[in-house]
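For the protein sequence lines, the chains are A and B, in the order given. So the first sequence is numbered by our numbering: it starts at 1 and just counts up by one. So the second sequence is numbered by our numbering: it starts at 1001 and just counts up by one. Don't be surprised by glycine CBs; every beta carbon is placed ideally from N, CA and C. As the structure is a prediction and not an experimental result, all values here were calculated from the model. Step one of this worksheet: look at the structure below.
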Amino acid sequence: VTDALRFIDERTAASRPLRKALRYVFPDHWSFLLGEIALYSFVVLVATGVFLALFFEPSLDPRIYHGPYAPLQGHEVTAAYDSALGLSFEVPAGLLMRQTHHWAADVFVVAIVMHLVRIFFTGAFRKPRELNYLVGVTLLALAVLEGFLGYSLIDDLLSGMGLAIAYGVAMALPLVGGDVAHTIWGGEFPGEVIQSRLYIGHVFLLPAVIATLIALHLTLIVRTRHTQFRDPPASERHVVGTPMWPGYALRSLALLAFVAGVLFALGGLIQVNPIWQWGPYQPWLGTNGAQPDWYLGWLIGALRIAPPVDVVVGGYTVIPEPFWGGVFFPSVVFGVLYLWPWLEQRLITRDLSRHELLDAPRDNPRRTAIGAAFFAWVVTVFAAGAADRIFLSVGVPYDTQVWLFRAAIFVVPAVVYFLARRWVAPS
Amino acid sequence: VSDETPNLEEGTPFEREVGARRGAELLAAGLLIGSAIGSVAFVVVLLASGDTQLLGLTFAAALLLLGGALAAAATGIAPRERAIEDRPRLADPEATADARERLAMLTEGVSRRRLLGAAGLTAGAALAAAVAAPVTALGPSVGDSIVDTPWRRGRRLVGEDGAPLTADDVPRGSFVTAFPEGADKRELGSPVVLVHEDPAKLHLPSGRADWAPGGIMAFSKICTHAGCAIALYRSPLYEPTSQPPGLACPCHYSVFDTRTGGEVVAGPAGRPLPQLPLEIGTDGVLRAGGGFSGPIGPAWWGVRKA
Chain A
1 VTDALRFIDE RTAASRPLRK ALRYVFPDHW SFLLGEIALY SFVVLVATGV
51 FLALFFEPSL DPRIYHGPYA PLQGHEVTAA YDSALGLSFE VPAGLLMRQT
101 HHWAADVFVV AIVMHLVRIF FTGAFRKPRE LNYLVGVTLL ALAVLEGFLG
151 YSLIDDLLSG MGLAIAYGVA MALPLVGGDV AHTIWGGEFP GEVIQSRLYI
201 GHVFLLPAVI ATLIALHLTL IVRTRHTQFR DPPASERHVV GTPMWPGYAL
251 RSLALLAFVA GVLFALGGLI QVNPIWQWGP YQPWLGTNGA QPDWYLGWLI
301 GALRIAPPVD VVVGGYTVIP EPFWGGVFFP SVVFGVLYLW PWLEQRLITR
351 DLSRHELLDA PRDNPRRTAI GAAFFAWVVT VFAAGAADRI FLSVGVPYDT
401 QVWLFRAAIF VVPAVVYFLA RRWVAPS
Chain B
1001 VSDETPNLEE GTPFEREVGA RRGAELLAAG LLIGSAIGSV AFVVVLLASG
1051 DTQLLGLTFA AALLLLGGAL AAAATGIAPR ERAIEDRPRL ADPEATADAR
1101 ERLAMLTEGV SRRRLLGAAG LTAGAALAAA VAAPVTALGP SVGDSIVDTP
1151 WRRGRRLVGE DGAPLTADDV PRGSFVTAFP EGADKRELGS PVVLVHEDPA
1201 KLHLPSGRAD WAPGGIMAFS KICTHAGCAI ALYRSPLYEP TSQPPGLACP
1251 CHYSVFDTRT GGEVVAGPAG RPLPQLPLEI GTDGVLRAGG GFSGPIGPAW
1301 WGVRKA
């Protein structure tokens, strides 16, 4: 090893930064692992995704299915759907890889959201970390988009229904919607070229951007060092914890192995997105009880409870209804997230100083209450996306639920804010 | 905020425990061997049966046991340390001032700064527009194609298999999907949903009196909200208490009243479901009596509300 190190150092002068990196200090707190879980889910996504890409055919060319799944034999399907069925039934370990990829995507977004919640309620986004916070929020948006592109690729019934809605939402952009949608789809929905565009976006463009932003995210952390809870001798001046080598590297590799192990266990044991049951997509087909992956639930909820209002000027539908749930609502959510460090600075704390130590949620009760109300608002809209399922399991009529949810998106955040302000007292 | 004490620049241990804890080494070795067995079992399963559950179990076991060994090594074998480190100094006013000065060197002794700046911005904006222009190659601008559907007066209705449909093919209490004969079925303007209701109970808008021969009506199958397919038909089981018949979209549950010619009765859709006039030819086959009552598919700004 000494010789290898000398060989490299004589050519790159890498020993000095390596020496420093080996002593990089990681604070010890369980909540700091959430971001790492997201990172390692991404590793599993890339690894399983490469495997899938070797078999998947991104084409809508029609063909007759002749595979082992009897109910579809003799039916016309597309090359994309056919190859995804082949991955599921014929390629050795193909179904394991497909399901693990799907689970990893779901866990990836869960971990990012949980990480964001941690960052938010502990004030980790404050100076000097606002830029890195923006990178993180962008990663969340890209992860959701990447997941949507992924399950839209397969051309099963659910992916086609999701794309139809995406087309409807794109069309609903005021004034430019028709042209935007026709540019993306290469003409009218469904078209043919959308498949190869989704594919290049899903397997190359977005992963490249996500990987680059992850690298930037980590670089910025190293520049500023980690935040830390108040726990002497940790202070605004000193960071305290486990050095990278040997302690933290082993622990983090253990987490990588655990995350990958859990994802492969899920992929092997718990069925997810059984595309052969949905069947191939055609624009004239739809199914009841269709639910997207969880991270799109907030958007379908918004599309379902948004008021049925088209804004019509001079006979022209300037703002079609899907705009409210599909564009306006997510823009508000991400707008608040992006602006929060400055909103808080201007409206709540008036605090422009640098903060290396984290708040406990009770240290800033107004941030905690506003954040709790905000997340409760999004979760309420998310729940509205499951109204049809709630009808089936609880029996509350769907129309009644729509009105209940429309009231709940005002009542729930207000109640949560009130309760949070009562319970969370400054220490 | 910075501390110049040099010995805290890199992680400096202040608590250190060296030497493996009791049993930790044996535990880690056992877990590593278990992990190896898991990996070998994965390969065996892959070659033998390829059973997905067993593949998942064996590979997950290999990874989880490896993770356990690494965790044991981290907490019980390798030196356990807590270290302290200076936080880096972030702002350096002197360096900032210096950098600003060096950046300013560009315009040193230049008198027409504003002219050059404006010209530079113009060139940059024009180049950006030129670079963005090929985006238009990705798709046509929205034109008449979107309003145009394959339906013409006299065009026969066929089922998914291409066979012409007669009035007898449309039962009461259910719906049938139909297409224009010979047209591209995937075009959004093609699919229609056929329902059969009691002609005496219809209240179609004026001008549609002869659109529903024998109570058979055709509506675009593409929801006017977000473009999903209408896939649900609510048919009254007992007229006095049931809700009137309706067609619904399973994506966001817009419901359209068939008796009134597709008016929205619930859900987020902003426009009625376009109705297609029907005729029954001398051969008994259903035919279109013309085009749809309004634009089909999801709304966009150019959609005119009648």
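Legend entry - B/E1017 versus B/E1081 - alpha carbon distance: 6 Å
Inset, instruction - Give the residues from the segment 83 to 107 of chain A that approach chain B closer than 8 Å (Cβ to any Cβ), ordered along the chain. - result: P92, A93, L95, L96, Q99 and T100
Inset, instruction - Could you tell me whether any Cβ in chain A is nearer than 7 Å to the Cβ of B/L1032? - result: no
Inset, instruction - Kindly indicate if chain B contains any beta-carbon less than 7 Å away from that of A/D359. - result: no
Legend entry - Given 8 Å, three or more beta-carbon pairs between the segment 202 to 221 of chain A and the segment 123 to 141 of chain A: yes
Inset, instruction - Taking only the alpha-carbon atoms, compute the straight-line gap between B/P1006 and A/Q228 and give it to the nearest angstrom. - result: Confidence at B/P1006 is low in this model, with a pLDDT of 48, below 50, so its placement is unreliable and no value can be given for it.
Legend entry - Per DSSP, the bridge partner or partners of B/R1082: B/E1015
Legend entry - C-beta neighbour in chain B for A/G431, strict 7 Å: There is no way to answer for residue 431 of chain A, as the model of chain A reaches only from 1 to 427.
Legend entry - Contacts around A/Y338, its chain only, beta-carbon distance under 7 Å, and the 5 residues preceding and following it disregarded: L134 and V137
Inset, instruction - Whole angstroms is fine: what's the gap from A/K20's alpha carbon to A/P320's? - result: 57 Å
Inset, instruction - Locate the beta strand (DSSP E) running through A/P62, then write down its first and last residues. - result: P62 to I64
Legend entry - Beta-carbon contacts of A/I154 that lie in its chain and below 7 Å, excluding the five residues immediately before and after: A80, Y81, A84 and I275
Legend entry - A/I428 versus A/E146: straight-line alpha-carbon distance, rounded: Because chain A here runs from 1 to 427, residue 428 of chain A falls outside it and cannot be looked at.
Legend entry - Through-space distance from A/A290 to B/L1188, alpha-carbon basis: 20 Å
Legend entry - A/W423 burial status per 10 Å Cβ neighbour count (16 or more: buried): exposed
Legend entry - Inter-residue spacing [alpha-carbon to alpha-carbon] between A/L303 and A/A387: 12 Å
Legend entry - Selected residue, minimal CA-CA separation from A/W324, among A/M171, A/L142, A/A53 and A/W294: A/M171
Inset, instruction - Could you work out which residue in B/A1061, B/R1022, B/L1046 and B/P1013 is closest to A/V259 when comparing CA atoms only? - result: B/A1061
Legend entry - Proximal residues of chain B, C-beta to C-beta of A/T380 below 8 Å: Near A/T380 there are no residues of chain B at all, since even the closest Cβ is about 17 Å away, more than 8 Å.
Inset, instruction - Verify the CB distance criterion: does B/D1003 have a CB-CB separation below 7 Å to chain A? - result: Model confidence at B/D1003 stands at a pLDDT of 45, short of 50, so the residue's coordinates are unreliable and nothing is read from them.
Inset, instruction - Run through the segment 180 to 257 of chain A for me and flag every whole alpha helix (DSSP H) of 4 or more residues, listed as ranges in chain order. - result: 194 to 200 and 206 to 224
Inset, instruction - Could you tell me which residues DSSP pairs with B/F1175 in its beta bridges? - result: B/V1195
Legend entry - Short CB-CB distance (under 7 Å) between A/T400 and chain B: no
Legend entry - Contact residues within the segment 1033 to 1064 of chain B, judged by C-beta distance below 7 Å to chain A: L1046, G1050, T1052, Q1053, L1055, G1056, L1057, F1059, A1060, L1063 and L1064
Legend entry - Where the segment 272 to 286 of chain A meets chain B: residues whose CB sits under 9 Å from a CB there: Q282, P283, W284, L285 and G286
Legend entry - B/F1292 in three-state terms, based on DSSP: coil
Inset, instruction - Let me know if A/A437 comes out buried or exposed under the rule of 16 or more other beta-carbons within 10 Å of its beta-carbon. - result: A query on residue 437 of chain A cannot be resolved here, the shown segment of chain A reaching from 1 to 427 and no further.
Inset, instruction - Kindly list, in the order they appear in chain B, the residues whose Cβ is closer than 8 Å to that of A/I184. - result: L1138 and G1139
Legend entry - First through last residue of the beta strand (DSSP E) which encompasses B/L1247: G1246 to A1248
Inset, instruction - Using beta-carbon positions only, say whether A/Y69 and A/F89 come within less than 7 Å of one another. - result: yes
Legend entry - Distance between B/E1009 and A/L116 (C-alpha atoms, nearest Å): 30 Å
Inset, instruction - Starting from B/Y1233, find everything on chain A with Cβ-Cβ shorter than 9 Å and list it in chain order. - result: Ordered by position in chain A, no residue passes the 9 Å Cβ test against B/Y1233, which lies about 11 Å from the chain.
Inset, instruction - Tell me whether B/P1220 sits in a helix, a strand or coil according to DSSP, three-state version. - result: The question names Pro, but residue 1220 of chain B in the sequence shown is Ser. Strand.
Inset, instruction - Jot down the residue ranges of each uninterrupted beta strand (DSSP E) in the segment 1015 to 1053 of chain B, minimum 3 residues, whole runs only, in chain order. - result: none
Legend entry - Backbone CA spacing between A/I37 and A/M114 [nearest angstrom]: 10 Å
Legend entry - Sequence-distant residues of the same chain with beta carbon closer than 8 Å to B/D1148, five excluded per side: G1189
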